[in-house]
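S.K.:
4 protein chains.
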Amino acid sequence: MSEGRRGAVRSEAARTAILTATSSLIERLGYDRVTIEGIASEAGVGKQTIYRWWPSKSAVVAECLLEGALIPETFEPQDTGDLAADLSEWLERALGFVSTHHSLLHSLIGAAVENEEVGQRLYERLGASPEVLAERLRVAQAAGQLRAGVSVEQLVDAIVGMLIARLLFGAPIRSDDAHGFIDLILHGATPNRPQ
Amino acid sequence: MSEGRRGAVRSEAARTAILTATSSLIERLGYDRVTIEGIASEAGVGKQTIYRWWPSKSAVVAECLLEGALIPETFEPQDTGDLAADLSEWLERALGFVSTHHSLLHSLIGAAVENEEVGQRLYERLGASPEVLAERLRVAQAAGQLRAGVSVEQLVDAIVGMLIARLLFGAPIRSDDAHGFIDLILHGATPNRPQ
Amino acid sequence: MSEGRRGAVRSEAARTAILTATSSLIERLGYDRVTIEGIASEAGVGKQTIYRWWPSKSAVVAECLLEGALIPETFEPQDTGDLAADLSEWLERALGFVSTHHSLLHSLIGAAVENEEVGQRLYERLGASPEVLAERLRVAQAAGQLRAGVSVEQLVDAIVGMLIARLLFGAPIRSDDAHGFIDLILHGATPNRPQ
Amino acid sequence: MSEGRRGAVRSEAARTAILTATSSLIERLGYDRVTIEGIASEAGVGKQTIYRWWPSKSAVVAECLLEGALIPETFEPQDTGDLAADLSEWLERALGFVSTHHSLLHSLIGAAVENEEVGQRLYERLGASPEVLAERLRVAQAAGQLRAGVSVEQLVDAIVGMLIARLLFGAPIRSDDAHGFIDLILHGATPNRPQ
DNA sequence: TGATAATCGAGACGGTACGTCCTGTCTTTCA
DNA sequence: TGAAAGACAGGACGTACCGTCTCGATTATCA
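Following this line, the structure appears as structure tokens:
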């Protein structure tokens, strides 16, 4: 078990202070106005302590997301058996959060561009991770609630993509869009479907 | 009629040189490694000439997009009467472009986070502008090819959002996803639709 | 006589406005915080109008001195026949002016470093020009009031130099130093002189 | 004892490189064509390292003078008991130096206008510091070699001032002026002195 | 009296340097 | 020996001026 490791061990206090400071600064200033020096100073920590454990600012942000320091809530679709209701209810909650934390989310998309891991963590936090949203869809697929040939990945991309697109392009976000959007996705845009 | 404007007039040569240099540098280095100083030097222009006409790097990029300096091609859905075919064909072209210019597009999303106008111009260039994609959909709606109650905006967001989501989250992009995705959107994910 | 000069003639109004603006700005800001653009703007004049007639900022200052725009008073030693009294009275006035316009004079020394002509004009304005102070001394020399072998130039340099040295090195300047200094210069520092 | 100072210590190598580069550039280009960026580049140093320790270009020059980087020689009057001979010999050396380094000294007067400390250091370097030239004069005063009522400060100002005046106003400087000037100062300009 | 030529205010232009901020690395001291 | 403090080389920022140029309007002379 012991592999001859000597000397002081990584300070949990410092690590926590860094994540807290980062989250707080991002909320106050937005991602791109946050600097490593600002984090170090806010956290009462040396810059080197940050660089020792993370390769970049965006990596710290990724860990903030992982720890729930930035987005404490979780958004998981339920499984009541009613796919449309479950998805609508989930998307309503997600859209509600996004609309009230518009600038935070906008910031995080910026971080995601720099660092793919941030994107993944963000994806997960909003309940759209492979293990959560996709799982719910796969359950539905298994229950025959999805057409044959429908790609779960495409389905997820359509839903999450709508969310991202609204954030990026400044379109208004209202949680009561949720039902209509899920209806569109599940039942299609055309009036008649070939059986 | 004359509104008393005196003094030398804006140099079109300088303006063009700046847009050209910016486009070239973004393609070579990626948006976030491009600097105002780099643009000025590449364009053979003083920094002040940039700051005189644009407030920020991202604003220059927005104008590059507007002028077609970054994305010369345009992607407009046709109107053959067959909505599914038109959209599939268009999305296929767009996905093809995106997949072969992955890093450019990734860059531009970064610029779009900084500057909403970049997002709008990017949106438009990909054929998803209100005047183009949405127009095609409205035509379809008028022709009864869309269900009542379907929001054209949501439809567009779902399609473009998918594109953005793939770019951001590193998912593979292949132009032969187009048909399946349009089918999903138009006909829905569920096997039976309440009539 | 006429050498075929065609076109508009130099605007005296512009010339005067420039000299006035320059003098005013130097008094308010000090020579080195005055800029050509500042002068042009204050004078309501185009930059080119300054560059057309003067090669540099310091040349404008030299003309300001020449016109008495910066130092309206003149300081000329009288000739009552009493050399010591004349010089004391003159130096007292000069030191009085210098002590009450300390920062202006300091500024002008800066201009003199850049442009020798400014030095000459300054020199003249304080009454130490070859045509004035040196002339008074030459009169005294002719009247046998100066020793044989005494160089008038050295005498002038000693007096004016003291003034400059005090300005440059921040020593206090009081007009009642004048009598003692002239006494020193005229009668020497040593108690006994070889006859 | 320990006053709790943590962190890396000031780099003597950087400090020396900056002073050396500054001196070299001033000699090559003259004070006003030297820039902070030029110094930094010549010294292989970041600009911030200059701004961290000096508030301005002229402050760096003051330190150059203090370290003897610009004027390595020192000019101190001897004390052989013969005041006139000591001062003549000293002034001859000083004038000799000034005449062979005319443009350097001209430059330094420009720096002295910007920064009083440069003036003081320059003063000192030429042997005219309170602790040196004035001391020699005070010794002479104590030995009864100066008249009662003669101000040592005025004496020093007359001598150094002559030097400055010649530099500023472009008068020729020749080291054989020294004897005559000291004779003038010590024995006065007038042929007869009231006993 | 119209063409020519010079001036004027205005202001854009290519540049240079400013002083500040931040990056990522290295060094010193403390606990 | 890990962590704070902080100095370091470097690079970009956005601003201020430089000295030149171009623009349209306004004089003045000459043909």
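Residue numbers (our numbering), protein chains in the order written: chain A, -14 to 180; chain B, -14 to 180; chain C, -14 to 180; chain D, -14 to 180.
Even for Gly, the Cβ is constructed at its ideal location relative to N, Cα and C.
Using the beta-carbon count (16 or more within 10 Å), is residue 62 of chain D buried or exposed?
M.R.: Against the fourth sequence, residue 62 of chain D aligns to sequence position 77. Within 10 angstroms of the beta-carbon of residue 62 of chain D lie 16 or more other beta-carbons, which makes it buried.
S.K.: Taking a cut of 9 Å between CB atoms, which residues from the stretch 138 to 149 of chain A lie near chain B?
M.R.: 138, 139, 140, 141, 142, 143, 144, 145, 146, 147, 148 and 149
S.K.: Closer than 9 Å by beta-carbon distance: list the chain B residues that pair up with residue 36 of chain A, in chain order.
M.R.: As a working mapping, residue 36 of chain A is identified with position 51 in the first sequence. Neighbours of residue 36 of chain A on chain B: none; closest Cβ ~19 Å, over 9 Å.
S.K.: When the Cβ atoms of the stretch 66 to 81 of chain B are set against those of the stretch 157 to 175 of chain B, are three or more pairs found closer than 8 Å?
M.R.: yes
S.K.: Note the first and the last residue of the continuous alpha helix (DSSP H) segment covering residue 102 of chain C.
M.R.: Locating residue 102 of chain C in the third sequence gives position 117, where the first residue counts as 1. Note, residue 102 of chain C: alpha helix (DSSP H), 101 to 110.
S.K.: To the nearest angstrom, how far is it from the Cα of residue 107 of chain C to the Cα of residue -1 of chain B?
M.R.: Numbered from 1 along the third sequence, position 122 holds the residue referred to as residue 107 of chain C. Numbered from 1 along the second sequence, position 14 holds the residue referred to as residue -1 of chain B. Rounded to the nearest angstrom, the two C-alpha atoms are 46 Å apart.
S.K.: List the residues of chain B that residue 165 of chain A touches, going by C-beta distances under 9 Å, in chain order.
M.R.: Along the first sequence, one-based indexing puts residue 165 of chain A at 180. Under the 9 Å cutoff, chain B gives 134, 135, 136 and 139.
S.K.: Starting from residue 158 of chain D, find everything on chain C with Cβ-Cβ shorter than 7 Å and list it in chain order.
M.R.: As a working mapping, residue 158 of chain D is identified with position 173 in the fourth sequence. Within 7 Å Cβ-Cβ: nothing; residue 158 of chain D doesn't reach chain C, min ~10 Å.
S.K.: Once you ignore the five residues that flank residue 118 of chain C on each side, which residues in its own chain have a CB closer than 7 Å to its CB?
M.R.: Position 133 of the third sequence, counted from the first residue, corresponds to residue 118 of chain C. Around residue 118 of chain C: 62, 112 and 141.
S.K.: Against chain A, which members of the stretch 73 to 89 of chain B pass a CB distance test of less than 8 Å?
M.R.: none
S.K.: Check each candidate in A:-6, A:3, A:100 and A:45 and name the one with the smallest Cα separation from residue 28 of chain A.
M.R.: Against the first sequence, residue 28 of chain A aligns to sequence position 43. It is A:3 whose Cα lies nearest to the Cα of residue 28 of chain A.
S.K.: With DSSP collapsed to three states, give me the class of residue 50 of chain D.
M.R.: If you number the fourth sequence from 1, residue 50 of chain D lands on position 65. Of the three classes helix, strand and coil, the one that applies to residue 50 of chain D here is helix, per DSSP.
S.K.: From the beta carbon of residue 59 of chain B, is the nearest beta carbon of chain A less than 8 Å away?
M.R.: Numbered from 1 along the second sequence, position 74 holds the residue referred to as residue 59 of chain B. It does not; no Cβ of chain A falls within 8 Å.
S.K.: Using only CA atoms, which one of A:30, A:129 and A:17 lies nearest to residue -5 of chain A?
M.R.: Translated into the one-based positions of the first sequence, residue -5 of chain A becomes position 10. Cα-wise, what sits closest to residue -5 of chain A is A:30.
S.K.: Taking only the alpha-carbon atoms, compute the straight-line gap between residue 100 of chain A and residue 52 of chain B and give it to the nearest angstrom.
M.R.: As a working mapping, residue 100 of chain A is identified with position 115 in the first sequence. As a working mapping, residue 52 of chain B is identified with position 67 in the second sequence. Going by the C-alpha atoms only, they are around 29 Å apart.
S.K.: Run through the stretch 70 to 102 of chain D for me and flag every whole alpha helix (DSSP H) of 4 or more residues, listed as ranges in chain order.
M.R.: Taken in chain order, the whole alpha helix (DSSP H) runs of length 4 or more contained in the stretch 70 to 102 of chain D are 87 to 99.
S.K.: Spatial neighbours of residue 151 of chain D within its chain, please: CB distance less than 6 Å, with the 5 preceding and 5 following residues excluded, ordered by chain position.
M.R.: Looking up residue 151 of chain D in the fourth sequence gives position 166. 158, listed in sequence order.
S.K.: Do you know how far the Cα of residue 153 of chain C is from the Cα of residue 96 of chain A?
M.R.: Within the first sequence, the letter at position 111 stands for residue 96 of chain A. Within the third sequence, the letter at position 168 stands for residue 153 of chain C. Annotation: residue 96 of chain A to residue 153 of chain C spans about 56 Å, alpha carbon to alpha carbon.
S.K.: Which value, in whole angstroms, describes the spacing of the CA atoms of residue 75 of chain C and residue 32 of chain B?
M.R.: Start at 1 with the first residue of the third sequence, and residue 75 of chain C comes out as number 90. Start at 1 with the first residue of the second sequence, and residue 32 of chain B comes out as number 47. Going by the C-alpha atoms only, they are around 54 Å apart.
S.K.: What is the rounded straight-line gap between the Cα of residue 47 of chain B and the Cα of residue 109 of chain B?
M.R.: Position 62 of the second sequence holds residue 47 of chain B. Position 124 of the second sequence holds residue 109 of chain B. Spanning the two alpha carbons is a distance of roughly 11 Å.
S.K.: For residue 24 of chain A and residue 56 of chain A, I'd like the C-alpha separation in whole angstroms.
M.R.: Translated into positions along the first sequence, residue 24 of chain A becomes position 39. Translated into positions along the first sequence, residue 56 of chain A becomes position 71. The straight-line gap from Cα to Cα measures roughly 18 Å.
S.K.: Please list the residues of the stretch 97 to 119 of chain B that have a C-beta atom closer than 8 Å to any C-beta atom in chain A, keeping them in chain order.
M.R.: Residues 97, 98, 99, 101, 104, 105 and 108.
S.K.: Exposed or buried, residue 179 of chain C, counting other C-beta atoms within 10 Å across all chains shown (16 or more means buried)?
M.R.: For the purposes of this step, residue 179 of chain C is identified with residue 194 of the third sequence, where counting begins at 1. Low local confidence applies: a pLDDT of 48 at residue 179 of chain C is under 50, so the model's placement there is unreliable, and no value is given.
S.K.: Comparing the CB of residue 101 of chain A with every heavy atom of the ligand FMN, is any distance shorter than 7 Å?
M.R.: The ligand FMN is not part of the structure shown, which contains no ligands of any sort.
S.K.: Using a Cβ cut-off of 7 Å, pull out every chain A residue sitting near residue 63 of chain B, in sequence order please.
M.R.: Taking the second sequence and counting its residues from 1, the one referred to as residue 63 of chain B is at position 78. Here the premise fails: no neighbours, minimum Cβ distance about 18 Å.
S.K.: In three-state DSSP terms, what is residue 135 of chain D?
M.R.: Looking up residue 135 of chain D in the fourth sequence gives position 150. Assignment of residue 135 of chain D by DSSP, reduced to helix, strand and coil, places it in the coil class.
S.K.: If you drop the 5 nearest sequence neighbours on each side, which residues of the same chain put their C-beta closer than 8 Å to that of residue 171 of chain C?
M.R.: Translated into positions along the third sequence, residue 171 of chain C becomes position 186. Contacts found: 68, 69 and 72.
S.K.: Following the continuous alpha helix (DSSP H) through residue 121 of chain D, name the residue where it begins and the one where it ends.
M.R.: Reading the fourth sequence from its first residue, position 136 is the one you call residue 121 of chain D. That run of the alpha helix (DSSP H) goes 118 to 127.
S.K.: Leaving out the 5 sequence neighbours to the left and right, which residues in its chain are closer than 6 Å to residue 41 of chain A when beta-carbon positions are compared?
M.R.: If you number the first sequence from 1, residue 41 of chain A lands on position 56. There are no such residues.
S.K.: Provide the residue span of the alpha helix (DSSP H) that contains residue 159 of chain A, from first to last.
M.R.: Along the first sequence, read from residue 1 onward, the residue named residue 159 of chain A stands at position 174. Careful: residue 159 of chain A lies outside any alpha helix (DSSP H) and carries neither H nor E.
S.K.: Suppose you measure from the CA of residue -14 of chain C to the CA of residue 116 of chain C; what does that come to, to the nearest Å?
M.R.: Position 1 of the third sequence, counting from 1, holds the residue named residue -14 of chain C. Position 131 of the third sequence, counting from 1, holds the residue named residue 116 of chain C. Note that residue -14 of chain C scores a pLDDT of 40, beneath 50, so its modelled location is shaky and nothing firm can be said.
S.K.: Please report the residue range of the alpha helix (DSSP H) in which residue 16 of chain C lies.
M.R.: Stepping through the third sequence from its first residue, residue 16 of chain C is reached at position 31. Unbroken run through residue 16 of chain C: none, as it is neither H nor E.
S.K.: State yes or no: is the beta carbon of residue 155 of chain A nearer than 8 Å to at least one beta carbon in chain B?
M.R.: Working through the first sequence from its first residue, we reach residue 155 of chain A at position 170. At least one chain B Cβ lies under 8 Å of residue 155 of chain A.
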